[in-house]
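**Q** Residue numbering for the sequence shown follows the working numbering, starting at 280 and increasing by one per position.
Virtual Cβ for every residue (Gly too), placed ideally from N, Cα, C.
Submitted below is the structure of interest, expressed as structure tokens.
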Amino acid sequence: MSRFGPFALLIFAVLLACGPAHAEKRVALVIGNSAYKSVPRLTNPVNDATLVGGMFKKAGFDDVDVRLDLNAADMRRSLREFAGRTRDAQVAVIYYAGHGIELDGTNYLIPTDAALETDGDVLDETVALDRALFAVEPAKQLRLVILDACRDNPFAKTMKRTVASRAIGRGLAKVEATSPNTMIAFAAKAGSTASDGDSKNSPFAAALVERLPTPGLDLRKAFGFVRDDVLKNTGYKQEPYVYGSLGGDDVPLVTAKPVATGPQASPDSEIRRDYELALQLGTREGWTAFLNRFPNGFYTDLAKGQLNKIAAEETRTAAADKARQAEEEKARLAADRAKKAEQDKAAAAAKAAEDARLAAEKAKQVEEAKAAAAEQRRKDAEAAAAKVLADKQAAEKALADKAAAELAAKPANEKAQGEQKVAAVTPTQSAPSLSPQETAKLVQSELRRVGCLTGAADGEWNASAQRSLTLFNKHAGTKFDTKLASFDALDAIKGKQGRVCPLVCDRGYRADGDACVKIACRAGYRVNDDNECEKVQDKKPVATREDAKPRDDERKKVEAAPAKPSASGQMLCNAAGCRPVKPGCRIVAPKIGPHVTNMAGAQEEVCN
């Protein structure tokens, strides 16, 4: 006989049924090209590929192939071999860091031996992005291609154009996935370039390694966090972008560990009460005492997570103190005008201490997020256990009441009475007897949880509730009758772990988890019709009636003013030569007497 009760065994069976039917195979190909022969070497791609490859290995991928500084032949061979490994895989991922180029709307990955003297060489010396998409296509569940290849491309600056109208883009061109469950992630949105950063790794690679391996985190949300991190770390100059689409179910890169089994999740157990007491204390001593008493089980793992959070906070505090002391020592040496070598040593120690402090701060945030997620899983498991127990007790009570009524109303022989007694105490798995309004309220609550209902769960199965079930049918592939709330629909909705209906936001808002938040653009930018921040164009000044009025008044004054005397165009000639007549003057023949004019050709200038 098992030491667990029937309820514990029921929970254990339910949790096993919710787990994956079989382990999924996940494969990854990671390529980093830095040592280019025809252009200057790139610093970070090899480092980024090594970092991302390590992340995939820690995430439990079955096959991770990291290739560095590949020429064209090696790149094609690697993609061909990887395509063979994806045929029996559920998840296939390709990560590429290096140079890329866009030619006439098509994207190409550039091997290390490419020269690209002319635009025609692109077809021969590079590898088309479509080749990578072809390699991941056989995967059954998820196909993911990540491109950190949007750097400022030196090939495009020196390449000769054989056709003047041929377009060579800045960055990579927008792509559309042709296969379902395919995502293509760019380090920078189409038409823009990405930064290598000032550290060992690019901002994009650093954000990927921090966000993607979070257990249970949907990829769309993970890449949303990557976008936010890169925008912040590049001063809002670089915005990663994701193309393609996935279905309604959450698709994490790393599956969350299943909630611990049966009896430990009971809402009335002694271990739960001790856990909550240690949680209220929140001290290292309290958690240590709890772990000494309960060394194994569901709550033990949660307690270890809480203890890790406390350790991370202690490490962060110590690192902050060390960084402060290092800064004080650096300032003291500078004030005392110590030797340059000592000041340089103090500065290096201060920088190392600050780096350690930042790392400790990030580690603390990670542990806090893990502890919060684990705590939420605990609450969900306890609530589910309590609900199953309540439903079971209600069903047993309803069956017992019914059997008792039948015994009182209809006497039967001893055999029939014995059968009825057995039936009265035998538990059943049938659903409890609920009114239509109570059933509708339960279905509405579950529809709200999966994002298909925005209204209140009031138990009224109205047009809004029917539309919400219609949306669930559409995105979950079910065909429940929307005119009524049924237990079959309730069970199907409960079986969905995450959001089913997509979140739709109005213009000027973006989806952030399960909420729409207003898009905030920096100064000089505004939200365009595509819900993206674009720069506001400076408008040229347009003359108004007020602007034209002073000009009209000035013109009228000029027209009303008397005309200035001007030259007549006549020439005055005498023994000294010829010259133009002065302005305001004219030529007349000189008079000899009062009534006699000299007509011999003599000229005289007369002025007003």
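Whole angstroms is fine: what's the gap from Asp-353's alpha carbon to Cys-812's?
**A** If you number the sequence shown from 1, residue 353 lands on position 74. If you number the sequence shown from 1, residue 812 lands on position 533. Distance between Asp-353 and Cys-812, taken at the CA atoms: about 40 Å.
**Q** Considering Cα atoms alone, identify which of Ile-589, Tyr-522, Leu-637 and Val-667 is closest to Glu-646.
**A** Counted from its first residue, the sequence shown places residue 646 at position 367. Per the Cα distances, Ile-589.
**Q** What whole-angstrom Cβ distance do Cys-780 and Phe-759 have, given they're in contact under 8 Å?
**A** For this step, residue 780 is matched to residue 501 along the sequence shown. For this step, residue 759 is matched to residue 480 along the sequence shown. The pair is not a contact, with the Cβ atoms about 14 Å apart (cut-off 8 Å).
**Q** Hey, quick one: how far does the alpha helix (DSSP H) through Pro-715 stretch, first residue to last?
**A** In the sequence shown, counting from the first residue as 1, residue 715 sits at position 436. Segment 715 to 728, the alpha helix (DSSP H) holding Pro-715.
**Q** Does Ala-535 come out as helix, strand or coil in the three-state DSSP assignment?
**A** In the sequence shown, the residue the question calls residue 535 occupies position 256. Reduced to three states, the DSSP call for Ala-535 is coil.
**Q** Taking only the alpha-carbon atoms, compute the straight-line gap between Ile-290 and Ser-743 and give it to the nearest angstrom.
**A** Start at 1 with the first residue of the sequence shown, and residue 290 comes out as number 11. Start at 1 with the first residue of the sequence shown, and residue 743 comes out as number 464. Legend: pLDDT at Ile-290 = 37, less than 50; position of this residue unreliable, no value from coordinates given.
**Q** Which residues does DSSP list as the beta-bridge partners of Ile-772?
**A** As a first step, residue 772 must be located in the sequence shown, where it is residue number 493. Looking at the DSSP assignment, Ile-772 forms no beta bridge with any residue, so it has no partner.
**Q** Looking only at C-alpha atoms, which of Ser-747, Ser-724, Asp-497 and Gln-716 sits nearest to Cys-731?
**A** The count along the sequence shown starts at 1 and reaches residue 731 at position 452. Nearest option by C-alpha distance: Ser-747.
**Q** Here's a check: name, in chain order, each residue in its chain whose Cβ is nearer than 7 Å to the Cβ of Leu-308, leaving out the five neighbours to either side.
**A** Here residue 308 is taken as the residue at index 29 of the sequence shown, counted from 1. Within its own chain, the residues whose Cβ lies closer than 7 Å to the Cβ of Leu-308, once the five positions on either side in sequence are excluded, are Asp-344, Ser-357, Phe-361 and Ile-373, listed in chain order.
**Q** For Leu-421, which residues does DSSP report across the bridge?
**A** For the purposes of this step, residue 421 is taken as residue 142 along the sequence shown, with counting starting at 1. In the DSSP output, where bridge partners are listed per residue, Leu-421 has Val-370.
**Q** According to DSSP, simplified to helix, strand and coil, what is Ile-389?
**A** The residue you call residue 389 lines up with position 110 of the sequence shown. Ile-389: coil per DSSP, three-state reduction.
**Q** Could you compute how far the alpha carbon of Gln-891 sits from the alpha carbon of Gln-517?
**A** A question about residue 891 goes unanswered here, because the residues of the chain that appear run from 280 up to 887.
**Q** On the three-state DSSP scale, how would you describe Arg-656?
**A** Stepping through the sequence shown from its first residue, residue 656 is reached at position 377. Residue state, collapsed to three classes: helix.
**Q** Please return the same chain residues whose Cβ sits closer than 7 Å to the Cβ of Tyr-387, not counting the five positions on each side in sequence.
**A** What you label residue 387 is simply residue 108 of the sequence shown in a count that begins at 1. Answer for Tyr-387: Gly-379, Ile-380, Val-401, Thr-405, Val-406, Ala-407 and Leu-408, listed in chain order.
**Q** Determine whether the beta carbon atoms of Phe-577 and Pro-519 lie at a separation below 8 Å.
**A** Numbered from its first residue, the sequence shown carries residue 577 at position 298. Numbered from its first residue, the sequence shown carries residue 519 at position 240. Cβ distance not < 8 Å, so Phe-577 and Pro-519 don't count as in contact.
**Q** List the whole-angstrom C-beta distance separating Gln-369 from Ala-418, where the pair is believed to meet the contact cut-off of C-beta under 8 Å.
**A** Within the sequence shown, residue 369 is the residue found at index 90, counting from 1. Within the sequence shown, residue 418 is the residue found at index 139, counting from 1. That pair is a contact at about 6 Å.
**Q** Round the Cβ separation of Leu-487 and Val-331 to the nearest angstrom and send it over; I've been treating them as touching at under 8 Å.
**A** Within the sequence shown, the letter at position 208 stands for residue 487. Within the sequence shown, the letter at position 52 stands for residue 331. In this structure, Leu-487 and Val-331 form a Cβ contact; the two beta carbons are roughly 6 Å apart against a cut-off of 8 Å.
**Q** For Val-867, name the three-state secondary structure that DSSP assigns.
**A** Walking along the sequence shown from the start, residue 867 turns up at place 588. Of the three classes helix, strand and coil, the one that applies to Val-867 here is strand, per DSSP.
**Q** Quick check on Met-462: buried or exposed, where buried means 16 or more other Cβ atoms within 10 Å of its Cβ?
**A** Counting from one through the sequence shown, the residue named residue 462 turns up at place 183. Label assigned to Met-462: buried.
**Q** If we ignore side chains and look at the alpha-carbon of each, how far apart do Val-791 and Phe-340 end up?
**A** Sequence index remark: in the sequence shown, residue 791 carries index 512 (1-based). Sequence index remark: in the sequence shown, residue 340 carries index 61 (1-based). Here residue 791 is Asp; the residue named in the question, Val, does not match the sequence. Going from the Cα of Asp-791 to the Cα of Phe-340 covers about 28 Å.
**Q** Taking the C-alpha atoms as reference points, what is the distance between Gln-849 and Ala-855?
**A** Indexing the sequence shown from 1 puts residue 849 at position 570. Indexing the sequence shown from 1 puts residue 855 at position 576. Their backbone Cα atoms lie some 16 Å apart in a straight line.
**Q** Here's the rule I'm using: 16 or more other beta-carbon atoms within 10 Å means buried, otherwise exposed. How should Arg-572 be labelled?
**A** Locating residue 572 in the sequence shown gives position 293, where the first residue counts as 1. The residue is exposed, with fewer than 16 neighbouring Cβ atoms inside 10 Å.
**Q** Among all the DSSP beta bridges, which residues are the ones paired with Cys-852?
**A** Against the sequence shown, residue 852 aligns to sequence position 573. For Cys-852, which the question treats as bridged, DSSP gives the partners Cys-857.
**Q** Once the 5 residues before and after Cys-886 are set aside, which same chain residues still bring their CB inside 7 Å of it?
**A** The residue labelled residue 886 in the question sits at position 607 within the sequence shown. Lys-861, Gly-863 and Cys-864, listed in sequence order.
**Q** Which parts of the segment 306 to 354 are runs of the alpha helix (DSSP H), unbroken and 4 residues or longer, counting only runs that do not cross its ends?
**A** 324 to 337
**Q** Within 10 angstroms of the Cβ of Ser-481, are there 16 or more other Cβ atoms? Answer buried if so, exposed if not.
**A** Position 202 of the sequence shown, counted from the start, is the residue given in the question as residue 481. Buried, since its Cβ has 16 or more Cβ neighbours within 10 Å.
**Q** Rounded to the nearest angstrom, how far is the Cβ of Lys-453 from that of Tyr-522, given a contact under 8 Å?
**A** As a working note, residue 453 is residue 174 in the sequence shown. As a working note, residue 522 is residue 243 in the sequence shown. Sure, about 7 Å apart at Cβ, within 8 Å.
**Q** Between which two residues does the beta strand (DSSP E) containing Tyr-804 stretch?
**A** For the purposes of this step, residue 804 is identified with residue 525 of the sequence shown, where counting begins at 1. Per DSSP, Tyr-804 belongs to the beta strand (DSSP E) from 804 to 806.
**Q** I need the straight-line Cα distance from Arg-364 to Val-306, nearest angstrom please.
**A** In the sequence shown, the residue the question calls residue 364 occupies position 85. In the sequence shown, the residue the question calls residue 306 occupies position 27. Roughly 7 Å between the two C-alpha positions.
**Q** By the three-class DSSP mapping on this structure, what secondary structure does Ser-743 have?
**A** The residue you call residue 743 lines up with position 464 of the sequence shown. Helix at Ser-743.
**Q** With C-beta atoms as the reference, is Asn-350 less than 8 Å away from Thr-391?
**A** Locating residue 350 in the sequence shown gives position 71, where the first residue counts as 1. Locating residue 391 in the sequence shown gives position 112, where the first residue counts as 1. Cβ distance < 8 Å, so Asn-350 and Thr-391 count as in contact.
**Q** Asn-460 to Ala-411, Cα distance in whole Å?
**A** Here residue 460 is taken as the residue at index 181 of the sequence shown, counted from 1. Here residue 411 is taken as the residue at index 132 of the sequence shown, counted from 1. Cα to Cα, Asn-460 sits roughly 15 Å from Ala-411.
**Q** For Phe-569, which residues of its own chain have a beta-carbon under 7 Å away from its beta-carbon, when the five flanking residues on both sides are left out?
**A** Here the question's residue 569 lines up with position 290 in the sequence shown. Asp-553, Tyr-554, Ala-557 and Ala-582.
**Q** State whether the segment 427 to 440 contacts the segment 315 to 322, with contact taken as three or more CB pairs (one from each stretch) at a distance under 8 Å.
**A** Yes: the two stretches touch, three or more of their Cβ pairs being nearer than 8 Å.
**Q** What does the alpha-carbon distance come out to for the pair Thr-761 and Gln-745?
**A** Counting from one through the sequence shown, the residue named residue 761 turns up at place 482. Counting from one through the sequence shown, the residue named residue 745 turns up at place 466. If I take the Cα positions, the gap works out to 5 Å.
**Q** DSSP beta-bridge partners for Glu-592?
**A** As a first step, residue 592 must be located in the sequence shown, where it is residue number 313. According to DSSP, which records beta bridges pairwise, Glu-592 is partnered with nothing at all.
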